[in-house]
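Trainee: Dropping a structure here in structure tokens format, bear with me for questions.
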Amino acid sequence: LGGDELAVRIEVGAGARLTVRTAAAAVVLPGTGEPARQTVEIVVADGGELAWLPEPVVVAAGARYESSVTITLGRATRLLVRETLVLGRTAEPCGDAVARWHIDAEGRPLLRQRQAYGPGAHPGWRGPAGTGGGTVIATELLFPDIPGSTPHLPSTPGRAVCELAAGGLLTTVTATDTLTAARLLSPPAEPAAKPAPPAPSPVAVPAPLRAPTGGSRAAAR
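Its first residue numbered 100, the sequence shown is counted upward by one per residue in this note's numbering.
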């Protein structure tokens, strides 16, 4: 609700690997005159690896939401950050949303970004230079590289891929639903190889039939 504040702090030790997800999407609703605020502070020590993958945040009509993500990376670290904003619930206008990323790697600036959407943002936020009419905005940062993800995808309508000067890739996609946004952030799946046909089962070959001998006839009698 408006006026609520949520603070998250994540520390990844040297050489450790951590993936953090949230249980479900969050919905920001109108409340007091103050915006709802979420602050995320992340520190990754030397050789550490972190994937920060929260579920989408839905900014309902009349709500105000401010998000701030601050990340400090040590040496030889790896990072995957993905955040998704949904501007309004189904068949309703959106509220105001401001998202800030402030990321440093080895004491040097890696990314400074501010995104603003909604009635209080720049008038052109819905235009071609903004969301292009999309209501879902997903942003992903990979540093320095995670094989099999966005580095293999080109920029296309609805997806912008930017190589950062200090290393890493920043991808922003716009879509009309979260499923499409997720597909735009992920490489197409390789076609599954057809399984090899099973080896034929051995067939038992009966022994040649022989005419009964006299001894066997006597035994039968």
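Every residue gets a Cβ at the ideal spot worked out from N, C-alpha and C, and that includes glycine.
Helix, strand or coil for Thr189, going by three-state DSSP, please let me know.
Mentor: coil
Trainee: Distance, Cα to Cα, Gly226 vs Gly233?
Mentor: 9 Å
Trainee: Express the C-alpha separation of Thr277 and Val185 in angstroms, rounding to a whole number.
Mentor: Distance between the alpha carbons of Val185 and Thr277 is about 8 Å.
Trainee: With a Cβ-Cβ cutoff of 8 Å, do Thr270 and Arg258 count as a contact?
Mentor: yes
Trainee: Note down the Cα distance separating Ala215 from Asp145, rounded to an integer number of angstroms.
Mentor: 33 Å
Trainee: Mind reading off the beta-carbon distance from Leu209 to Leu263? Whole number of angstroms is fine, and I expect it under 8 Å.
Mentor: 6 Å
Trainee: Is it buried or exposed, Glu104, if we count other Cβ atoms within 10 angstroms and call 16 or more buried?
Mentor: exposed
Trainee: Quick one: is Leu172 buried, meaning 16 or more other Cβ sit within 10 Å of its Cβ, or exposed?
Mentor: buried
Trainee: Quick check on this structure: which residue in Gly130, Ala135 and Thr230 has the alpha carbon closest to the alpha carbon of Ala106?
Mentor: Closest by alpha carbon: Ala135.
Trainee: Could you tell me which residues DSSP pairs with Ser166 in its beta bridges?
Mentor: Gln137 and Ala198
Trainee: Looking only at C-alpha atoms, which of Val143, Ser285, Arg207 and Val139 sits nearest to Thr121?
Mentor: Val139
Trainee: Who does Asp203 pair with in a DSSP beta bridge?
Mentor: Thr171 and Pro208
Trainee: Check each candidate in Val127, Pro256 and Gly266 and name the one with the smallest Cα separation from Ala274.
Mentor: Pro256
Trainee: State the DSSP-derived secondary structure class of Thr255, mapped to helix, strand or coil.
Mentor: Thr255 falls in the strand class under three-state DSSP.
Trainee: Sort Ala175, Ala220 and Ala198 by Cα distance to Val156 and report the nearest one.
Mentor: Ala198
Trainee: Which residues in the same chain as Arg188 place their Cβ atom closer than 7 Å to its Cβ, once the five residues preceding and following it in sequence are excluded?
Mentor: Val157 and Ala159
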